[in-house]
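Residue numbers (this note's numbering), protein chains in the order written: chain A, 6 to 756; chain B, 250 to 621.
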């Protein structure tokens with residue numbers, strides 16, 4: 006392979022990796038496959054000359070594709086956030102074209118620049134391991150490519166051609182084997198220095214703790230598929246992600262892995278209040294929260310009184326895989342919690358949900374364990390949820406259109422009109438029974454085939470003055486789980502039924518033998534709980550189950566087979582790169598400072614110990630101080646002598662014009678030619694410095710203009726020096742003395 | 250040659266500025282988004298800028314350059330300047346270096362620069378020397394002073410341009426522009442139009458030209474007898490040949506002008522004179538030069554390349570402002586115009602003998618080889 010081919014291969018590789026990074030960031034398997042295919046194809050056809058009509062055809066196709074893509078996608082891409090995506094697609098297309106139409110070094114530079122743009126856009130979009138790997142590979146590969154393109158461009162200029170124009174291969178291949186070795190060494194050194202600096206800047210870059218910004222942010226949602234609230238304000242398409250959110254190990258009462266009888270519902274957040282102004286569901290105010298400090302060695306119960314854990318108590322062990330969250334995901338009903346590290350948790354008895362108190366510290370939460378009773382006794386429920394004695398007020402819903410719709414549905418089902426104020430208020434058992442019955446009516450209504458489950462809400466257009474729930478129920482009749490759950494909860498509350506939305510994960514895939522369940526972003530779900538007792542809430546899921554479960558199942562990845570390999574790498578990536586924030590920075594720096602301090606202390610203590618040992622009777626006395634002082638003085642003197650010797654040798658070598666290659670000859674010349682250096686020093690002391698480029702004899706002529714006698718003596722010295730330096734003459738002791746006498750004579754003549 | 254400590258500087262150039270701009274944008278995005286991958290890219294970009302400075306800075310620290318210039322150059326002809334570049338580095342060599350010059354000329358303008366095709370080389374290994382060659386284009390005769398060697402490189406990434414300036418003074422005498430003269434036209438101009446054309450007188454000798462007739466002397470070869478003339482005379486007459494001599498040319502350059510004239514025309518006249526001198530040298534003639542009104546003494550009649558260079562040196566350093574407008578030094582003409590007096594004869598004649606012709610700039614155009 007010629008150097009020309011080598012450079013092209015590197016640039017092709019760079020372009021492919023950059024294209025892959027972009028494709029994985031969005032993600033798009035066809036785009037990734039196309040990037041690789043274009044790279045391979047362009048590399049295989051590099052020697053084939055493309056004719057002008059073919060070039061025009063390719064360029065025309067690309068321009069039409071770009072224009073068509075922009076026109077078709079303008080509706081979705083017209084927002085500011087979508088500009089990088091649009092730019093990325095255009096650049097990727099141009100990069101593909103450029104890989105086929107490469108003639109000059111200028112084209113190679115364009116590939117470098119376009120790859121850089123793609124990498125930046127990919128990094129803007131995603132911080133996944135694969136994208137990160139591509140970015141790291143590109144940053145390393147780009148060092149070599151950039152240096153080689155720069156040298157090749159210069160070589161072209163030195164060769165007579167205009168830089169960046171003309172033939173490609175000749176200039177690259179003109180670089181011989183010896184420069185190539187030197188160039189490789191330089192590239193290696195540059196890469197190492199750049200990597201070291203990058204790491205240093207990366208570590209010291211000012212950051213804030215990641216959780217404070219991203220828990221409720223879009224990036225977190227993208228990573229986990231879970232969001233703590235439900236917002237119906239901006240209906241948008243949801244892309245399923247097979248990102249692993251957490252691993253759940255389900256252990257039976259005997260401590261062995263247990264098989265799930267039904268899908269595991271991991272409750273995360275409970276939302277009870279709908280705000281029609283913001284069109285968002287919110288949790289109720291946490292007035293009766295319980296603060297728990299967990300001990301990593303034992304479980305902390307969530308109640309003030311002890312709960313009987315002897316029967317029907319399971320252990321849910323959670324290992325967080327991505328996007329650590331302050332929300333604790335628990336199956337119904339949690340009775341005790343244990344953090345892997347000491348943590349403060351907040352327990353809300355009304356919703357029976359847990360969360361880490363400090364959102365900032367939740368980033369350090371690697372996992373937790375819960376004791377769960379799937380079918381708790383009434384006593385356990387009462388202790389856990391601490392219901393008040395008074396009957397809660399009947400709820401209502403703030404959107405009149407939904408209330409009317411609920412009324413019509415109930416009337417159609419033969420239920421009494423909930424708006425009829427003449428009906429008597431129901432006592433507790435009747436009210437709970439009514440709640441369950443009415444929720445069942447609404448659930449059946451939503452599960453009818455007239456409502457369609459879809460993740461694509463591009464056509465869910467909002468209308469002025471109409472609430473999204475009303476639009477879902479009466480106009481559009483399609484949506485995903487958040488819309489179905491919102492509709493059921495809204496209909497229930499509009500009918501005076503106590504209902505709330507639960508967001509979390511539903512998973513039914515228990516693949517591993519050890520009872521481990523992989524929870525992915527696609528398992529995120531929302532359902533409804535309706536109150537059917539003082540301390541009893543029943544689950545209603547109005548989302549068409551088959552569709553939701555098939556979506557979740559589709560998200561299971563083929564990479565699961567390699568999880569044993571990828572998980573440690575992902576863990577490393579997540580903790581050291583993707584989730585490296587201010588706290589990790591502080592921790593790393595303090596650890597570094599501590600290590601340095603310990604090293605310094607160790608050295609000092611070693612010195613002191615040795616000194617003490619050398620003192621009398623183990624006391625740090627005069628002898629010890631003398632020992633330390635003598636060591637320090639000796640080291641200082643040795644260093645000073647070494648510096649003087651090195652400087653003197655260097656001075657002589659330069660003055661005598663000796664190379665480092667023939668060491669034996671250089672040593673002899675340095676010994677025998679010392680008189681010439683002394684003579685030059687004497688002349689320099691007299692203000693006659695020898696300019697480096699002029700030869701000794703020319704220097705003699707210059708001296709003659711100022712001092713004839715000195716020039717005469719120095720001329721003799723130069724003759725003798727030539728005999729030593731270039732005539733390979735070896736001097737005996739008498740000749741050396743004679744030369745020294747000549748130098749003395751020179752000094753005399755200079756006075 | 251004067252040498253002083255090198256001066257090192259860093260410069261931004263367009264690719265570097267663009268890269269810096271992109272780095273700032275990525276940095277802002279990294280701060281705003283808090284994405285660590287963006288921080289990584291930002292850190293990489295910053296490290297590239299630092300490496301760009303450090304690697305090439307270290308490279309330039311180990312640089313030694315020495316200029317090798319020819320003693321003479323000719324106006325209008327590219328002058329090749331060589332540079333011996335040595336890398337004193339122990340581990341890393343020099344890459345992608347360009348060398349240019351800073352010059353000053355006789356006109357005294359500081360930093361008068363001549364267009365230069367930089368000397369470039371791709372690589373010089375550690376401890377090695379290479380020779381790089383640049384081309385300087387000089388359009389005017391002058392005593393050119395090359396003052397500063399400027400080496401610059403944007404290695405390794407092409408982001409930051411580093412330059413090192415070595416003050417090394419070298420003088421080069423730039424001869425006037427020389428154009429080839431058409432010998433046939435020149436001879437015709439000399440013979441036909443000269444106002445002071447005089448007879449040609451020579452010594453007898455063994456050349457080819459006819460010197461005259463004389464009476465036969467004992468020992469003369471019979472082949473030299475002019476039989477026809479002898480028949481009409483009383484005795485035998487023999488043909489006497491002229492001695493073989495080389496042609497000589499004394500060139501008198503008159504640049505006096507009442508109002509100092511047009512400097513461009515004066516320069517053209519100087520170029521004309523230089524061309525005639527070169528023509529004379531190429532034909533092996535004896536030639537000399539006198540500049541009317543100049544302080545310099547006339548250059549006597551000699552032949553050869555060295556003598557031509559001496560004459561051209563005189564013309565190169567001629568300061569037009571120092572021409573004395575004194576008519577007593579005139580070669581006989583009262584015409585106040587730039588012109589060249591050419592006296593052509595052979596070596597046996599004194600200076601005033603031979604053809605003496607005044608040539609003007611109009612003749613210059615006609616005498617150029619290839620002129621119609």
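Idealized CB from N, CA, C, for every residue including glycine.
Could you name the residues of chain A that residue i contacts, counting a contact when the two beta carbons are closer than 8 Å?
i: residue 269 of chain B; result: None at all; the shortest Cβ gap to chain A is about 14 Å.
Per DSSP, residue i forms a beta bridge with which residues?
i: residue 422 of chain B; result: B:321, B:392
i: residue 287 of chain A; result: A:278
i: residue 259 of chain B; result: B:411
i: residue 754 of chain A; result: Note: residue 754 of chain A sits in no beta bridge, so no partner.
i: residue 506 of chain A; result: A:276, A:533
i: residue 339 of chain A; result: A:377
Go ahead and pull the three-state DSSP assignment for residue i.
i: residue 531 of chain A; result: strand
i: residue 233 of chain A; result: coil
i: residue 215 of chain B; result: One cannot answer for residue 215 of chain B here, as it falls past the ends of chain B, which runs 250 to 621.
i: residue 333 of chain A; result: strand
i: residue 694 of chain A; result: coil
i: residue 171 of chain A; result: Note that residue 171 of chain A scores a pLDDT of 39, beneath 50, so its modelled location is shaky; the value from the coordinates is reported in the next line. Here residue 171 of chain A sits in coil by DSSP.
i: residue 356 of chain A; result: coil
i: residue 329 of chain B; result: strand
i: residue 526 of chain A; result: helix
i: residue 456 of chain A; result: coil
i: residue 255 of chain A; result: strand
i: residue 8 of chain A; result: helix
i: residue 487 of chain B; result: strand
i: residue 461 of chain A; result: coil
i: residue 109 of chain A; result: coil
i: residue 543 of chain A; result: strand
i: residue 448 of chain B; result: Any answer about residue 448 of chain B is weak, because its pLDDT of 40 lies below 50 and its placement is not dependable; what the coordinates show is given next. Reduced to three states, the DSSP call for residue 448 of chain B is coil.
Would a C-beta distance cut-off of 7 Å place residue i and residue j closer than the cut-off?
i: residue 540 of chain A; j: residue 362 of chain A; result: no
i: residue 333 of chain A; j: residue 297 of chain A; result: no
i: residue 575 of chain A; j: residue 134 of chain A; result: yes
i: residue 723 of chain A; j: residue 696 of chain A; result: no
i: residue 508 of chain A; j: residue 273 of chain A; result: yes
i: residue 234 of chain A; j: residue 285 of chain A; result: yes
i: residue 714 of chain A; j: residue 754 of chain A; result: yes
Residues of chain B with CB closer than 7 Å to the CB of residue i, please, in chain order.
i: residue 137 of chain A; result: 286
Along chain A, in chain order, which residues have C-beta atoms closer than 7 Å to that of residue i?
i: residue 198 of chain B; result: Residue coverage of chain B in this structure runs from 250 to 621, which leaves residue 198 of chain B outside it and unanswerable.
i: residue 296 of chain B; result: 199, 202, 203, 206
i: residue 321 of chain B; result: In chain order: nothing, as chain A lies at least about 20 Å away.
i: residue 292 of chain B; result: 203, 206, 207, 210
Residues of chain B with a CB under 8 Å from the CB of residue i: which are they?
i: residue 213 of chain A; result: 283
i: residue 190 of chain A; result: 340, 341
i: residue 129 of chain A; result: 278, 282, 284, 287
What in chain A is Cβ-close to residue i, meaning under 9 Å?
i: residue 260 of chain B; result: In chain order: nothing, as chain A lies at least about 16 Å away.
i: residue 405 of chain B; result: 148, 151, 152, 155, 156, 191, 192, 195
Taking residue i as the query, report the chain B residues whose CB atoms sit under 9 Å from its CB, ordered along the chain.
i: residue 425 of chain A; result: In chain order: nothing, as chain B lies at least about 55 Å away.
### Message
Taking 8 Å as the cut-off, does the region 377-394 of chain B touch the region 298-310 of chain B (at least 3 CB pairs, one atom from each stretch)?
### Response
no
### Query
Can at least three beta-carbon pairs, one atom from the region 124-131 of chain A and one from the region 17-28 of chain A, be found at a separation below 8 Å?
yes
### Query
At a cut of 8 Å, does the region 35-54 of chain A reach the region 136-146 of chain A through at least three beta carbon pairs?
no
### Query
Touch check for the region 422-436 of chain B and the region 520-530 of chain B: three-plus C-beta pairs under 8 Å?
yes
#### Entry: Touch test, the region 403-413 of chain B against the region 255-264 of chain B, Cβ-Cβ under 8 Å, three pairs minimum
yes
### Message
Quick test of the definition: if touching needs 3 or more C-beta pairs under 8 Å, does the region 527-536 of chain B touch the region 554-562 of chain B?
### Response
yes
### Query
Is there contact here, the region 184-196 of chain A with the region 377-386 of chain B, by at least three beta-carbon pairs under 8 Å?
no
### Task
Flag this pair as touching only if the region 152-161 of chain A and the region 321-332 of chain B have three or more C-beta atom pairs under 8 Å; answer yes or no.
no
### Message
Under 8 Å: do the region 490-507 of chain A and the region 433-451 of chain A share three or more Cβ pairs, one atom per stretch?
### Response
yes
### Query
Between the region 475-489 of chain B and the region 544-553 of chain B, are three or more C-beta pairs nearer than 8 Å?
no
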